[in-house]
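Numbering (full-length UniProt numbering), first residue to last: 1 to 237.
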Amino acid sequence: MSTQRAERATDDGFTFDDLAVVMGTYNEADAIGTVLSDIADVTDGRAEVVCVDGSSDRTPEIAREHGATVIEQEPRGYGVAVREAVLTPDRPVIVTTDCDDTYPMERLPDFLAEVNDGADVVSGDRLYYGADEMPGMNKLGNELFALLASVLMGERVHDTTTGMRAYRREVVRKIEWTENTGLSAELLMRPLMREYDVRERPIEYDERRGETKLDPLSGGAAIAKSIVRVAFEERFR
Ligand SMILES: Nc1nc2c(ncn2[C@@H]2O[C@H](COP(=O)(O)OP(=O)(O)O)[C@@H](O)[C@H]2O)c(=O)[nH]1
Ligand SMILES: [Mg+2]
């Protein structure tokens, strides 16, 4: 299988100065302080942080207090926010996360190391360790989404809706993104089906702080639709 590879770093590889951590934030005042402190601790304050925010609570103020760039946007869904977030930084490595304290920011160095090892996309697989903190319905749904995507792509993936991934900037800039609730699946599937070096790596997943912004039923249906649409579009591209 030929592997299309994005541009490589020319020197010793990327450092935290090359890293931007980005997220959609929607009324996450209970969690955002912890998430942004964790990122600063782990990266010595060297990662750029971008929050695309639709909140009506104190989330954007807290983000600014922590030195993040805040882009204000009406709340129009996960993918609208996260697409803007991944397209904003000029840094060569972009990591997405949720702003709900579920994802292990202490793994940022590992994700960066994988990119330096040649990965174009590094995708945190929450199901590998069992995802005990994930609500049962979501876990079942995520297993089914991964199965569906695997069958349609002809390649096994394990977690299509994870919020924590690293991307080379060229990958997110080269591909046109169309999904909203299903953007996370799209961000995994299109690069994979275009032969980029996409790697899943197990991550721990914590209990959410604050309320979920995703309706399990309508959200789940939207994600399933996205997976089918994206797989067919890529197959017949
Ligand atoms: N700006 C913005 N952020 C959003 C929107 N919907 C969800 N988010 C953020 O996207 C991330 C994922 O949402 P979350 O509720 O954690 O989804 P879950 O992980 O599937 O339960 C969180 O950081 C949310 O605050 C939205 O409409 N606008
Ligand atoms: Mg979440």
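We put the CB at the ideal spot given by N, CA and C, even for glycine.
Euclidean distance between Cα positions of residue i and residue j
{"i": "Asn-180", "j": "Gly-77", "result": "6 Å"}
{"i": "Asp-17", "j": "Leu-140", "result": "38 Å"}
{"i": "Val-22", "j": "Ala-85", "result": "6 Å"}
{"i": "Arg-203", "j": "Gly-220", "result": "The residue asked about is misnamed: residue 203 is Ile in this sequence, not Arg. Looking at the two C-alpha atoms, the distance is approximately 22 Å."}
{"i": "Glu-61", "j": "Thr-69", "result": "11 Å"}
{"i": "Pro-89", "j": "Pro-191", "result": "19 Å"}
{"i": "Val-230", "j": "Ala-81", "result": "19 Å"}
{"i": "Ala-149", "j": "Leu-108", "result": "26 Å"}
{"i": "Phe-14", "j": "Val-151", "result": "34 Å"}
{"i": "Asp-101", "j": "Glu-28", "result": "9 Å"}
{"i": "Arg-209", "j": "Asn-142", "result": "20 Å"}
{"i": "Ala-31", "j": "Tyr-103", "result": "11 Å"}
{"i": "Val-42", "j": "Leu-147", "result": "34 Å"}
{"i": "Ala-20", "j": "Arg-237", "result": "30 Å"}
{"i": "Lys-174", "j": "Glu-207", "result": "34 Å"}
Three-way DSSP call (helix, strand, coil) for residue i in this model
{"i": "Val-35", "result": "helix"}
{"i": "Ala-20", "result": "strand"}
{"i": "Thr-43", "result": "helix"}
{"i": "Val-60", "result": "What sits at residue 60 in the sequence shown is Pro, not Val. Note: Pro-60 maps to helix in three-state DSSP."}
{"i": "Glu-84", "result": "helix"}
{"i": "residue 323", "result": "Residue 323 is absent from the structure shown; the chain starts at 1 and stops at 237."}
{"i": "Gly-210", "result": "coil"}
{"i": "Met-1", "result": "Low per-residue confidence applies at Met-1: pLDDT is 40, beneath 50, and the placement is therefore not dependable, though the value from the model is reported in the following sentence. Met-1: coil per DSSP, three-state reduction."}
{"i": "Asp-30", "result": "coil"}
{"i": "Thr-102", "result": "coil"}
{"i": "Tyr-205", "result": "coil"}
{"i": "Pro-191", "result": "helix"}
{"i": "Arg-76", "result": "coil"}
{"i": "Gly-13", "result": "coil"}
For residue i: DSSP bridge partner residues
{"i": "Pro-109", "result": "BP columns for Pro-109 are empty, so no partner."}
{"i": "Cys-51", "result": "Met-23 and Val-70"}
{"i": "Arg-168", "result": "Val-93"}
{"i": "Glu-200", "result": "Ser-123"}
Buried/exposed call for residue i, threshold 16 Cβ in 10 Å
{"i": "Glu-65", "result": "exposed"}
{"i": "Ala-222", "result": "buried"}
{"i": "Phe-232", "result": "exposed"}
{"i": "Glu-155", "result": "exposed"}
{"i": "Ser-184", "result": "buried"}
{"i": "Gly-136", "result": "exposed"}
{"i": "Leu-216", "result": "Checking the displayed sequence, the identity of residue 216 turns out to be Pro instead of Leu. So Pro-216 counts as exposed."}
{"i": "Phe-111", "result": "buried"}
{"i": "Gly-67", "result": "exposed"}
{"i": "Lys-225", "result": "exposed"}
8 Å Cβ cutoff, residue i in contact with chain B
{"i": "Leu-127", "result": "Looking for chain B here will not work: only one protein chain is present."}
Next on the checklist: Quick check for students: name the residue ranges of the beta strand (DSSP E) that lie wholly in the region 108–187, counting only runs of 3 or more.
Outcome noted: Secondary structure remark: continuous beta strand (DSSP E) runs of at least 3 residues inside the region 108–187, in chain order: 121–125 and 165–168.
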